[in-house]
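Presented below is the structure to which this report refers.
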Amino acid sequence: MKKIGIMTFHWAANHGAILQAYALQTYLSKELLCDVKIINYCPKKYEKKFVNCVKIFHPKITLRNIKELKKENKLKNFRNDYLCLTKRYYSQNELINEKLDFDILICGSDQIWNPYFTSLGEGKPTYAYYLNFGKENCKRIAYSVSFGCHDYPKHIISSAKKYIERFDYIGVRESTGISILDKEGITNAIKTADPTLLIKCNDYEKLITNEHTNNERLDKEVICYILRKQNRKIKHNIRMMVKILSGSKKFKSIENTSMSEWLYSIKNAKYFITNSFHGVMMSLIFHTNFYVILEQGGRSGMNDRILTILKVAGLTHRIIDINDYQNSIEQIFDTNIDWEEVDKNLENFSCISKQFLKNALSFEK
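Going by my numbering, the letters in the sequence shown line up with residues 66 to 430, in that order.
Given below as structure tokens:
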């Protein structure tokens with residue numbers, strides 16, 4: 066049985082980051098019958114924002130941090146119950162010195178090669194997510210890694226390149242990732258599906274607990290999952306979108322819910338508005354009537370992952386222009402989604418990605 070270590074953002078207080086880790090772990094262990102562990106690399110700095118929430122006295126900041134802390138506590142339960150974790154490692158030096166005994170190391174998915182995110186944990190660029198540790202002869206696979214930007218900082222890519230060139234197989238989550246690597250002469254990358262597409266809809270339904278299926282009824286027709294702080298104009302426009310869809314400005318926000326409630330809410334929403342990649346993924350999996358808001362300004366580099374999967378699904382028309390929301394909604398309000406066609410497109414993409422993993426795991430160095 067192959068021993069596999071997964072390096073990803075499983076620690077993030079984010080439903081999608083945790084769910085994609087669960088999906089990759091589940092596929093590798095249950096479908097490909099591997100011995101899988103998620104490498105519990107989590108520098109102390111990631112926890113500081115939760116600790117600091119009790120030290121900050123500005124009302125708005127304190128309230129936001131307390132909400133984050135409550136969400137983290139809810140998601141921590143899911144991690145503990147469903148993720149197979151190694152012992153915790155606080156630095157890349159610990160990983161290097163440990164000499165981890167894995168036959169195969171996989172990094173991915175999610176934005177683990179986003180230059181901003183990979184610098185956060187240790188307060189400096191860290192190359193742990195480029196698998197700069199482990200046995201010299203172990204296989205190194207990148208699966209659906211995301212760069213989260215269009216142009217990679219030269220000082221990061223020049224240092225990371227020597228590690229990326231050691232990879233035996235490289236799968237990226239969006240088209241821009243292939244372009245970034247091509248510029249560096251790394252031409253063996255292909256586009257692969259987010260891990261959430263590797264397992265079935267009923268695998269996610271099993272994660273919804275009875276407390277929601279029995280006791281919770283979605284009285285509000287519109288569910289919103291909007292990540293990252295938005296300006297006042299965008300918040301206003303979202304409320305107006307809700308009013309157009311349901312006749313009321315009321316909606317249910319699910320940013321700070323447990324994993325079970327998050328899944329249940331998306332599955333049962335009449336209308337779902339999101340700017341989240343994994344919000345879109347679960348809408349596709351659950352056949353939920355969804356509307357996508359893209360990031361603007363400096364965050365626009367994060368949009369390609371959404372655009373890529375919508376092109377695969379044939380649903381780019383579900384994007385709402387937040388500055389012209391009324392016309393956008395009117396154009397698609399009465400447009401039915403052909404879920405049979407969507408499923409066929411996603412299944413083809415998933416099959417290519419599964420074959421990529423099978424080839425990568427069976428490859429002999």
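Just so you know, even glycine gets a beta-carbon here, dropped at the ideal spot from N, CA and C.
Determine, using beta-carbon pairs with one atom in the segment 235–248 and one in the segment 309–325, whether at least three such pairs fall under 8 Å.
-> no
Tell me whether the beta-carbon of K204 lies closer than 7 Å to the beta-carbon of I245.
-> The residue labelled residue 204 in the question sits at position 139 within the sequence shown. The residue labelled residue 245 in the question sits at position 180 within the sequence shown. Taking 7 Å as the Cβ cut-off, K204 and I245 do not qualify as a contacting pair.
Skipping 5 residues on each side, what residues in its chain have a beta carbon closer than 6 Å to that of A258?
-> Taking the first residue of the sequence shown as 1, we reach residue 258 at position 193. Setting aside the 5 residues that flank it on each side, A258 is surrounded in the same chain by F414, S415 and S418, each with a C-beta closer than 6 Å to its C-beta; the list follows chain order.
So, A88 versus H75, is the Cβ gap smaller than 7 Å?
-> As a working mapping, residue 88 is identified with position 23 in the sequence shown. As a working mapping, residue 75 is identified with position 10 in the sequence shown. Not closer than 7 Å, so no.
Endpoints, beta strand (DSSP E) assigned at D403 = Taking the first residue of the sequence shown as 1, we reach residue 403 at position 338. Segment: none, D403 is in no beta strand (DSSP E) and carries neither H nor E.
Cα separation between L84 and T261?
-> Taking the sequence shown and counting its residues from 1, one reaches residue 84 at position 19. Taking the sequence shown and counting its residues from 1, one reaches residue 261 at position 196. Their backbone Cα atoms lie some 7 Å apart in a straight line.
Say whether the segment 350–359 touches the segment 218–228, bearing in mind that this needs 3 or more beta-carbon pairs closer than 8 Å, one atom from each stretch.
-> no
Segment contact flag, the segment 192–206 with the segment 226–238, C-beta cutoff 8 Å, min 3 pairs | yes
Can you give the Cα-Cα distance for C118 and K139, rounded to whole angstroms?
-> Position 53 of the sequence shown, counting from 1, holds the residue named residue 118. Position 74 of the sequence shown, counting from 1, holds the residue named residue 139. The pLDDT assigned to C118 is 49, lower than 50, so where the model puts this residue is not dependable; a value taken from the coordinates is nonetheless given after this. Rounded to whole angstroms, C118 to K139 spans 17 Å at the Cα level.
Which residue comes first and which comes last in the alpha helix (DSSP H) that contains L151?
-> Locating residue 151 in the sequence shown gives position 86, counting from the first residue. Checking the displayed sequence, the identity of residue 151 turns out to be Thr instead of Leu. Segment L150 to Y154 is the beta strand (DSSP E) holding T151; no alpha helix (DSSP H) there.
On the three-state DSSP scale, how would you describe M66?
-> Position 1 of the sequence shown holds residue 66. Reduced to three states, the DSSP call for M66 is coil.
Whose C-alpha, out of S365, E163 and Q90, is nearest the C-alpha of L98?
-> In the sequence shown, residue 98 corresponds to position 33, counting from 1. Nearest of S365, E163 and Q90 to L98, Cα basis: Q90.
Name the two residues that bound the continuous beta strand (DSSP E) containing D268.
-> Position 203 of the sequence shown, counted from the first residue, corresponds to residue 268. From DSSP, D268 is part of no beta strand (DSSP E) but of the alpha helix (DSSP H) over C266 to E270.
Residues bridged to C289 [DSSP beta-bridge criterion] = If you number the sequence shown from 1, residue 289 lands on position 224. C289 is bridged to S318 and I338.
Endpoints, the beta strand (DSSP E) within which A207 is located = Taking the first residue of the sequence shown as position 1, residue 207 is located at position 142. K204 to V210 is the extent of the beta strand (DSSP E) around A207.
Sheet register partners of P172 (DSSP bridge) = For the purposes of this step, residue 172 is taken as the residue at position 107 of the sequence shown. Inspection of the sequence shows that residue 172 is occupied by Cys rather than by Pro. In the DSSP output, where bridge partners are listed per residue, C172 has M72 and A207.
Nearest neighbour of Y329, chosen from D386, N267, Y106 and S94 [CA to CA] = What you label residue 329 is simply residue 264 of the sequence shown in a count that begins at 1. With distances taken between Cα atoms, Y329 lies closest to N267.
Among the residues of its own chain, which have a CB less than 6 Å from the CB of I385, if the five just before and after it don't count?
-> Looking up residue 385 in the sequence shown gives position 320. Taken in chain order, the residues that qualify are Y356, I358 and S393.
Since I believe R370 is in contact with S211 (beta carbons under 8 Å), could you give me their beta-carbon distance rounded to a whole number of angstroms?
-> Against the sequence shown, residue 211 aligns to sequence position 146. Against the sequence shown, residue 370 aligns to sequence position 305. Right, the Cβ-Cβ distance comes to about 6 Å (below 8 Å), so this counts as a contact.
Per DSSP, the bridge partner or partners of V101 | Start at 1 with the first residue of the sequence shown, and residue 101 comes out as number 36. BP columns for V101 point to I69.
Compute the Euclidean distance between the alpha carbons of T400 and R364, then round it to the nearest angstrom.
-> Counted from its first residue, the sequence shown places residue 400 at position 335. Counted from its first residue, the sequence shown places residue 364 at position 299. Cα to Cα, the separation comes out at about 29 Å.
Which residues does DSSP pair with A78 in a beta bridge?
-> Working through the sequence shown from its first residue, we reach residue 78 at position 13. None, per the DSSP bridge assignment.
Distance between S348 and V407 (C-alpha atoms, nearest Å) | As a first step, residue 407 is located in the sequence shown; it is residue number 342 there, counting from the start. As a first step, residue 348 is located in the sequence shown; it is residue number 283 there, counting from the start. The alpha-carbon atoms of V407 and S348 are separated by roughly 11 Å.
By Cβ distance below 6 Å, which residues in the same chain neighbour Y192 in space, the five residues on each side in sequence not counted?
-> Stepping through the sequence shown from its first residue, residue 192 is reached at position 127. The answer, listed in chain order, is Y228.
Quick one: what's got a C-beta closer than 7 Å to R383's C-beta in the same chain, skipping five residues either side?
-> Locating residue 383 in the sequence shown gives position 318, where the first residue counts as 1. Contacts found: F355, Y356, V357, L375 and I397.
Starting from A254, follow its DSSP beta bridges and name the residues at the other end.
-> In the sequence shown, residue 254 corresponds to position 189, counting from 1. Paired residues: I235.
Could you tell me which residues DSSP pairs with Y356 in its beta bridges?
-> Position 291 of the sequence shown, counted from the first residue, corresponds to residue 356. Answer is I338, bridged to Y356.
Give a yes or no on contact between the segment 180–191 and the segment 130–137, applying the rule of three or more CB pairs nearer than 8 Å.
-> no
What did DSSP end up calling Y87 once you bin it into helix, strand or coil?
-> In the sequence shown, the residue the question calls residue 87 occupies position 22. Residue state, collapsed to three classes: helix.
So with Cβ pairs under 7 Å, would you call L185 a contact of chain D?
-> The structure shown contains no chain D; it holds only a single protein chain.
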